[in-house]
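Quick look at the structure:
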């Protein structure tokens with residue numbers, strides 16, 4: 045009998061329209077590994093919320109409504125996971141320290157794997173905003189799977 049190595053997978057979730065489609069990979073992986081899926085959406089500072097709002101054509105409001113939207117996205121993913129036979133849960137939080145909160149969640153939940161998306165940005169955008177995936181990869185308490193977004 046093969047021993048199961050991955051019991052819990054942490055998936056940081058972004059507020060983008062493609063999230064539901066991209067979550068399919070994490071759900072499929074969790075189903076194959078018979079692992080639970082833990083979702084976390086960390087809403088960054090008000091400045092980041094403004095950028096998201098601008099990028100999405102003003103369709104998103106700041107503050108509580110971003111957290112509410114994140115909760116809706118998380119619930120959609122939980123529902124998709126349930127259809128695939130995967131136990132999933134998650135929460136949304138507002139924090140200025142996105143990477144730190146994700147890493148803290150990984151430690152608190154004792155996850156065995158973190159699955160993060162990377163946009164593959166370089167140059168000025170990366171210099172200004174950094175790479176969440178890169179920071180998580182450097183400091184994670186467990187293996188990290190980086191999937192190109």
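In my numbering, the protein residues as written are 45 to 193. Just so you know, even glycine gets a beta-carbon here, dropped at the ideal spot from N, CA and C. Computed from a predicted model, the values in this text were never measured in an experiment.
Enumerate in chain order the residues of its own chain whose CB-to-CB distance from residue 75 is below 7 angstroms, with the five nearest sequence positions on each side excluded. The count along the chain shown starts at 1 and reaches residue 75 at position 31. Apart from the 5 residues on each side of it in sequence, residue 75 sits with its Cβ closer than 7 angstroms to the Cβ of 128, 129 and 130 in its chain, given in chain order.
Just verifying my parser: in three-state terms, what is the DSSP assignment at residue 175? Stepping through the chain shown from its first residue, residue 175 is reached at position 131. Of the three classes helix, strand and coil, the one that applies to residue 175 here is coil, per DSSP.
Which of helix, strand or coil DSSP assigns to residue 145: Here the question's residue 145 lines up with position 101 in the chain shown. Reduced to three states, the DSSP call for residue 145 is helix.
Considering only C-alpha positions, which residue in the set 112, 85 and 181 is nearest to residue 145? If you number the chain shown from 1, residue 145 lands on position 101. Per the Cα distances, 85.
Rounded separation between residue 155 and residue 87 - CA only: Within the chain shown, the letter at position 111 stands for residue 155. Within the chain shown, the letter at position 43 stands for residue 87. Take the alpha-carbon of residue 155 and the one of residue 87: they are about 21 angstroms apart.
Assigned exposure category for residue 7 - 16 Cβ within 10 Å defines buried: No answer is possible for residue 7: the residues shown for the chain start at 45 and end at 193.
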